[in-house]
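Position one of the sequence shown corresponds to residue 1488 (the working numbering), numbered consecutively onward. Where a beta carbon is used, it is the ideal one built from N, C-alpha and C, also for glycine. Nothing here was measured: the structure is a model prediction, and the numbers come from that model.
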Amino acid sequence: MSNKLSSVIYQYRNYKADQVLTHTQLNETIAYFEDQDRLTRIALTGVGIVHGLTISTRATEGGDQFVVKQGVGITTDGDLILLHEQLSEEEPKEKT
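Set out below in structure tokens:
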């Protein structure tokens, strides 16, 4: 797996009115904004756990289980990690 930020695009094209765009031009523009988004997350927010994602263990008949609670993190590639735990009907919303 390669690092998504190993080749960052720092420029984007300017387009003219009524210009026909190729798929390569459109993909380069999208890649530019994705790179900028990733760089912003890493440079301004940082990497690691932003909120939550606490780990605990629970003993079961088959052995211990690791339980990861809901939360948000940012990888070194600038990807967002979101773990959203579904609430059961019995849990009051005030606990979330």
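Name the DSSP beta bridge partners of G1558, please? Position 71 of the sequence shown, counting from 1, holds the residue named residue 1558. G1558 pairs with G1539, L1570.
Is the separation between the beta-carbon of T1563 and that of V1537 shorter than 7 Å? Taking the sequence shown and counting its residues from 1, the one referred to as residue 1563 is at position 76. Taking the sequence shown and counting its residues from 1, the one referred to as residue 1537 is at position 50. Not in contact: T1563 and V1537 (Cβ atoms no closer than 7 Å).
Between V1554 and I1568, how many whole angstroms is the CB-CB distance? I'm expecting something under 8 Å. Locating residue 1554 in the sequence shown gives position 67, counting from the first residue. Locating residue 1568 in the sequence shown gives position 81, counting from the first residue. Contact doesn't hold; Cβ gap of about 16 Å is too wide.
For Q1512, which of D1505, T1541, E1521, N1501 has the nearest alpha-carbon? Along the sequence shown, one-based indexing puts residue 1512 at 25. The residue with the shortest Cα to Cα distance from Q1512 is N1501.
Starting from A1546, follow its DSSP beta bridges and name the residues at the other end. To locate residue 1546, count along the sequence shown from 1; it is residue 59. Answer is D1551, bridged to A1546.
Which residues in the same chain have their Cβ closer than 7 Å to the Cβ of A1518, if we skip the five residues on either side of it in sequence? Position 31 of the sequence shown holds residue 1518. So the qualifying residues of the chain are I1496.
Would you kindly work out how many angstroms separate the C-alpha atoms of E1521 and G1550, rounded to a whole number? Position 34 of the sequence shown, counting from 1, holds the residue named residue 1521. Position 63 of the sequence shown, counting from 1, holds the residue named residue 1550. C-alpha separation (whole angstroms): 42 Å.
Could you tell me which of H1571, Y1499, R1545, L1492 sits nearest to N1514, measuring between CA atoms? Mapped onto the sequence shown, residue 1514 falls at position 27. Of the candidates H1571, Y1499, R1545, L1492, the one whose C-alpha sits nearest the C-alpha of N1514 is Y1499.
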